[in-house]
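Colleague: Just so you know, we're using the numbering used here here: the sequence shown kicks off at -14 and counts up by one.
Positions of the beta carbon are idealized from the N, C-alpha and C atoms, including for glycine.
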Amino acid sequence: MRDNYPLVFIIGPTAVGKTEVGVELAKRMSAEIISCDSMLVYKEPRVLVDKPDDKALKEIKHHMVDIVSVEEEFDVYKFKKEVDSIITQYPEKRFIFVGGSGLYAKVLLDGIFEGGGSSPQLRENLLRIAQEKGVSSLYEKLKEVDPPASTKINPQDLKRIIRALEVYYLTNKPISLRQKEAKGYWGKFPIKIFGLYLERKLLYERINQRVEDMFRRGAVDEVRYLLRLNLSKTAEKILGIKEIKGFLEGRYTLQQAKELLKRNTRHFAKRQYTWFKKDKRIEWVEVKGLTFEEVASKIRERL
């Protein structure tokens, strides 16, 4: 066992300092880090995803970093399977989960149901209904067959609405019920979840500075290289690719690409906060005015 140490999660928005705090805490706990960042799994990008530097990777063992090519599809199901394997393989080790991908952290904590069936023909039929009668027609059907799921899915989120209906029609069981049957680490292991908080003005300043640093460190060359590869659909979502591609194609000036990336990253950070604030299990840690070492010590005292 892990000497009664809990599994520790450090979450929060981009640029708040999760990576640095995670490394400092790992030193104090003699722990290893499991990344919960959906983009750090890719081998090729470094600058765009702000990958931990070589020093940090040498000091502390990092799992789920540099494991697949950007040309490969990688999803939350594969992520959960890989992490389950690590946890099972090393029951004596202490782990710190670090990342801002809310869905990836959630599936570890609360589980995710696998299966539920798949029918391209059914999805195509549902899509056709949405095109002919509007997304609202499918959403009304979802409210009828699975009220709990309808309260958690945006009425305009066609992809999730179709998936929920697909599961219902194929299994005759609501997706909300199947999700309840999924099991995660919460309740199975002792767990502490810490969220790093920095007031919006200061966080946005960090984001703006990070984007400037990214361009100085070669973000344009990195995107130029990535665009020569056959990017998977998930890898295409890496922040910076779309914006810098616009510059390379002559649609934006370099400065416009920078400002667009700053704006999109700020919006992303806001969405991250919105996601995490729904989880009442998170203990928030104010990081304003503190060094990464001080934040790590603050968390260590709470374990």
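If you pair each beta-carbon of the stretch 174 to 183 with each one of the stretch 231 to 242, do three or more pairs fall below 8 Å?
Modeller: The stretch 174 to 183, when compared against the stretch 231 to 242, does not touch it at the 8 Å Cβ threshold.
Colleague: Report the option in Glu190, Leu224, Arg163, Lys12 whose CA atom is closest to the CA atom of Gly102.
Modeller: Within the sequence shown, residue 102 is the residue found at index 117, counting from 1. Ranking Glu190, Leu224, Arg163, Lys12 by Cα distance to Gly102 puts Arg163 first.
Colleague: Exposed or buried, Pro133, counting other C-beta atoms within 10 Å across all chains shown (16 or more means buried)?
Modeller: Against the sequence shown, residue 133 aligns to sequence position 148. With fewer than 16 Cβ atoms within 10 Å of its Cβ, Pro133 is classed as exposed.
Colleague: Classify Phe59 as helix, strand or coil using the three-state DSSP reduction.
Modeller: Working through the sequence shown from its first residue, we reach residue 59 at position 74. Coil, per DSSP.
Colleague: Which whole-angstrom value is the C-beta distance of Ala0 and Ile192, which I expect to be below 8 Å?
Modeller: Counting from one through the sequence shown, the residue named residue 0 turns up at place 15. Counting from one through the sequence shown, the residue named residue 192 turns up at place 207. Between Ile192 and Ala0 the Cβ distance is about 5 Å, and since that is below 8 Å, they are a contact.
Colleague: To the nearest angstrom, how far is it from the Cα of Leu143 to the Cα of Glu58?
Modeller: Here residue 143 corresponds to residue number 158 of the sequence shown, with the count starting at 1. Here residue 58 corresponds to residue number 73 of the sequence shown, with the count starting at 1. Each residue's Cα considered, the two are about 21 Å apart.
Colleague: Measure the CB-CB distance between Ser54 and Tyr27 and report whether it falls below 8 Å.
Modeller: Position 69 of the sequence shown, counted from the first residue, corresponds to residue 54. Position 42 of the sequence shown, counted from the first residue, corresponds to residue 27. Yes, the Cβ-Cβ distance between Ser54 and Tyr27 is below 8 Å.
Colleague: Is the number of C-beta pairs between the stretch 233 to 248 and the stretch 74 to 82 that are closer than 8 Å three or more?
Modeller: Touching, no, given that fewer than three Cβ pairs across the two stretches are closer than 8 Å.
Colleague: Compute the distance between the beta-carbons of Thr250 and Val205, then report whether it is under 8 Å.
Modeller: Along the sequence shown, one-based indexing puts residue 250 at 265. Along the sequence shown, one-based indexing puts residue 205 at 220. Going by C-beta atoms, Thr250 is not nearer than 8 Å to Val205.
Colleague: Check for me: the beta strand (DSSP E) holding Ser20 runs from which residue to which?
Modeller: For the purposes of this step, residue 20 is taken as residue 35 along the sequence shown, with counting starting at 1. Per DSSP, Ser20 belongs to the beta strand (DSSP E) from 17 to 20.
Colleague: Taking Cβ to Cβ, would you say Gly2 is nearer than 8 Å to Phe277?
Modeller: The count along the sequence shown starts at 1 and reaches residue 2 at position 17. The count along the sequence shown starts at 1 and reaches residue 277 at position 292. Taking 8 Å as the Cβ cut-off, Gly2 and Phe277 qualify as a contacting pair.
Colleague: Where do the ends of the beta strand (DSSP E) carrying Lys177 lie?
Modeller: As a first step, residue 177 is located in the sequence shown; it is residue number 192 there, counting from the start. Its beta strand (DSSP E) spans residues 176 to 182.
Colleague: Does the distance from the CB of Arg202 to the CB of Val32 come in under 8 Å?
Modeller: Numbered from 1 along the sequence shown, position 217 holds the residue referred to as residue 202. Numbered from 1 along the sequence shown, position 47 holds the residue referred to as residue 32. Their beta carbons are under 8 Å apart, which means Arg202 touches Val32 by this criterion.
Colleague: Once the 5 residues before and after Ser135 are set aside, which same chain residues still bring their CB inside 6 Å of it?
Modeller: Here residue 135 is taken as the residue at index 150 of the sequence shown, counted from 1. So the qualifying residues of the chain are Leu127, Lys128.
Colleague: So, at 7 Å on beta carbons, what are the nonlocal neighbours of Ser86 in its own chain, with the 5 sequence-adjacent residues on each side left out?
Modeller: Residue 86 sits at position 101 when you count from the first residue of the sequence shown. Closer than 7 Å at the Cβ level, and outside the excluded window around Ser86, lie Cys21, Asp22, Ser23.
Colleague: Out of Leu183, Leu(-8), Lys222, Ile52, which has the shortest C-alpha to C-alpha gap to Ala16?
Modeller: Residue 16 sits at position 31 when you count from the first residue of the sequence shown. The option with the nearest alpha carbon to Ala16 is Leu(-8).
Colleague: Which runs of the alpha helix (DSSP H), 4 residues or longer, sit entirely within the stretch 164 to 224?
Modeller: Entirely contained in the stretch 164 to 224, the alpha helix (DSSP H) runs reaching 4 residues are, in chain order, 185 to 201, 204 to 211.
Colleague: Short of 6 Å in beta carbon distance, which residues of its chain neighbour Tyr(-10), apart from the five on each side in sequence? Order them along the chain.
Modeller: For the purposes of this step, residue -10 is identified with residue 5 of the sequence shown, where counting begins at 1. These residues qualify, in order along the chain: Arg79.
Colleague: Excluding the five sequence neighbours on either side, which residues of its own chain have a C-beta within less than 8 Å of the C-beta of Leu10, listed in chain order?
Modeller: In the sequence shown, the residue the question calls residue 10 occupies position 25. Once the five neighbours on either side are set aside, the close Cβ partners of Leu10 are Val(-7), Ile(-5), Ala16, Ile81, Ala281, Ile284, Arg285.
Colleague: Please say whether Tyr170 and Ile160 have beta carbons closer to each other than 8 Å?
Modeller: Here residue 160 is taken as the residue at index 175 of the sequence shown, counted from 1. Here residue 170 is taken as the residue at index 185 of the sequence shown, counted from 1. No, the Cβ-Cβ distance between Ile160 and Tyr170 is not below 8 Å.
Colleague: Give me the residue from Ile146, Glu190, Lys63, Leu155 with the minimum Cα distance to Leu93.
Modeller: Residue numbering aside, residue 93 sits at position 108 when the sequence shown is read from its first letter. The candidate whose alpha carbon is nearest that of Leu93 is Lys63.
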